[in-house]
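Data block below; observations after.
Residue numbers (full-length UniProt numbering): 1 to 608.
Written out as structure tokens, the structure is:
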């Protein structure tokens, strides 16, 4: 599980860098993963938690997360009676590296410390068995690393931990977990002298200048700088925050949850607390730094070719501690969500790892009671916003469905409203197409002529492209020529006898009757079809039906025409006028409703 713990630290560090202490708007999607973007804490300077003589800074830095609510901060969706409060307090201070806490030895080459005559510095803040020396040594440093030109290097130790046999008496803590951090600047060159604790660099190397470039620099005051941090934990009853355990180490806090009578947890609270405390062990400073090396230090980001390019602020050691606590808080947020959405499948766990079973109804129910901002395909949304969208959208759709019917109903009862309604229907795109096909003799019998979508009564096959003239395509199933051979469009004059109600062509043209009763000259077999018996021909501009006399109206018909009409007060009044360019030699067999290439038609309605 060490690999997973290390990966979790890296992921938490990335999240903390992007979402803690920065403008979250720059990473809005990334920072909306959890119920809260970040968990806040307070920083203050306090007295040393260790014996004062071992600390090098005037005061220690204490970071207090205060009470973290399991529901509001971690997203464990439970009622008030099942909530748990959690608190983490971290206190850090730089340590002295005087000879009292270290020594220098020379390697013999056979002592496994280095090659012969290497100078080895031993730091004695406790006995760590991993050194393999069997004496009071916590960390060893080979001074040859400075000559080798290495950059920053860091190491940390944790107490209590397997392999740590004892700690310096001045660092002994019975109610906190201890972490020791060692930083070796090695061959880092500082452009400016610095008195910052843990990063002090005042040893000036005067190398003069070359071609106007200053070659002098400052190096670190010590081969290794040391810092100590202690972590403490506390649990509270969510219903009453005055019922809490005392601030103590991890193991003592774990035992207090189930043995303390102060908390008085119910079964659900015990399950919530168990979820938190199982992940608390990895919230220490040791785990926030461990495995990342110098990447855990912000000062390493301003290094260029072993040169520290900026002046390190005096509070940099405090900023480093705050960044480590941010990693701990981000890791706590991640662990809460990972309970319901684990990042590893059971088959991906390393050998020897056995994920816990959800053997109680409460633990299983918590898998479905975790609030998240964004996890995979799960997205939180606003119910109020969804209701508003559905309500407004449904109202708009309903208005669209009934508005036209209501307007048509009122128009039908107004003087002249029927005409406007008919014109509205005729201007619909599909009705326009229907009239084009119908007047071209295509589609057979049409239905729903007064609706929005006209359809043919039966299945119809429309004109194929084999009859289309590629140079002059027109709508219709076939085309005829007028004046074949002479290149001129023939013109026929028709006389309309209003009294007789019939029309006779002059000339040898073959008539074709349009749906409104007009004759159109075409080639082919002549067919005489009478005009309507009572055509609404006007007699004057004031209307009145005209005199029943044998008046003759003359119309000139050209080889292409487009009928347009006006409907007023329930009566059709038509006047037709056709005109076409002589250069066109194709005749449309059907009647074109809207327009024809290079042809135009001008309708005029007689006033009533």
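We treat Cβ as the ideally placed atom computed from N, Cα and C, and that holds for glycine. The model shown is predicted, which means the values in this text are computed figures rather than measured ones.
Taking all protein chains shown into account, residue 72 has fewer than 16 neighbouring C-beta atoms within 10 Å of its C-beta and is therefore exposed. Between the alpha carbons of residue 391 and residue 398 lies a distance of about 11 angstroms. Annotated three-state conformation of residue 410 is helix, per DSSP. Contact between the segment 75-90 and the segment 327-344 is present, with at least three C-beta pairs closer than 8 angstroms.
In this chain, the beta strand (DSSP E) harbouring residue 205 covers 203-205. For the pair residue 298 and residue 189, the CB atoms are not nearer than the 8 angstroms cut-off. Per DSSP, residue 258 lies in no beta strand (DSSP E) segment; the continuous alpha helix (DSSP H) that holds it begins and ends at 250-259. Look at residue 433 here: in three-state DSSP terms it is helix.
Look at the beta carbons and you see the segment 195-204 touching the segment 219-227: at least three pairs across the two are nearer than 8 angstroms. The beta-carbon separation of residue 420 and residue 434, rounded to 20 angstroms, does not stay under the 8 angstroms limit for a contact. Put simply, the segment 261-277 touches the segment 233-244. At least three CB pairs are less than 8 angstroms apart.
Spanning the alpha carbons of residue 63 and residue 177 requires a straight line of approximately 15 angstroms. Residue burial annotation: residue 207 is exposed, with fewer than 16 other C-beta atoms found within 10 angstroms of its C-beta. Sequence-distant Cβ neighbours of residue 403 in its own chain, meaning closer than 8 angstroms and more than five residues away, do not exist here.
Residue state for residue 87 is assigned as strand, using DSSP reduced to three classes. C-alpha of residue 443 to C-alpha of residue 472: approximately 22 angstroms in a straight line.
Looking at the backbone, the Cα of residue 70 and that of residue 59 are separated by about 32 angstroms. DSSP, read as helix, strand or coil, puts residue 80 in helix.
In summary, residue 427 is exposed, with fewer than 16 beta-carbon neighbours lying within 10 Å of its beta-carbon over all protein chains present. Ranked by Cα distance from residue 422, the options 395, 451 and 406 are led by 451. In its chain, beyond the 5 residues on either side, 238, 266, 268, 269 and 272 have a beta carbon closer than 8 angstroms to the beta carbon of residue 82.
For residue 148, the enclosing alpha helix (DSSP H) starts and ends at 144-148.
Excluding the 5 residues flanking it on each side, residue 302 has same chain C-beta neighbours closer than 8 angstroms at 308, 309 and 310, in chain order. Contact check for residue 151 and residue 187: beta-carbon distance about 7 angstroms, within the 8 angstroms limit, so the pair qualifies.
Around the beta carbon of residue 409, fewer than 16 other beta carbons lie within 10 angstroms, which makes this residue exposed. Of the residues assessed, residue 430 falls on the exposed side of the cut-off, its CB having fewer than 16 other CB atoms within 10 angstroms. Taking all protein chains shown into account, residue 149 has fewer than 16 neighbouring C-beta atoms within 10 Å of its C-beta and is therefore exposed.
DSSP places residue 278 inside the alpha helix (DSSP H), whose first and last residues are 267-280. Take the alpha-carbon of residue 35 and the one of residue 370: they are about 10 angstroms apart. DSSP places residue 458 outside both helix and strand once states are collapsed to three, so it counts as coil. In the DSSP secondary-structure assignment, residue 182 is bridged to 155 and 226. Secondary structure of residue 41 (DSSP, three-state): coil. Shortest Cα-Cα distance from residue 106 to any of 76, 97 and 143 involves 143. Residue pairing from DSSP places residue 232 in a beta bridge opposite 89. Out of 341, 469 and 336, the CA that lies nearest to the CA of residue 68 is found in 336.
Per DSSP, the continuous beta strand (DSSP E) segment holding residue 120 begins and ends at 119-123.
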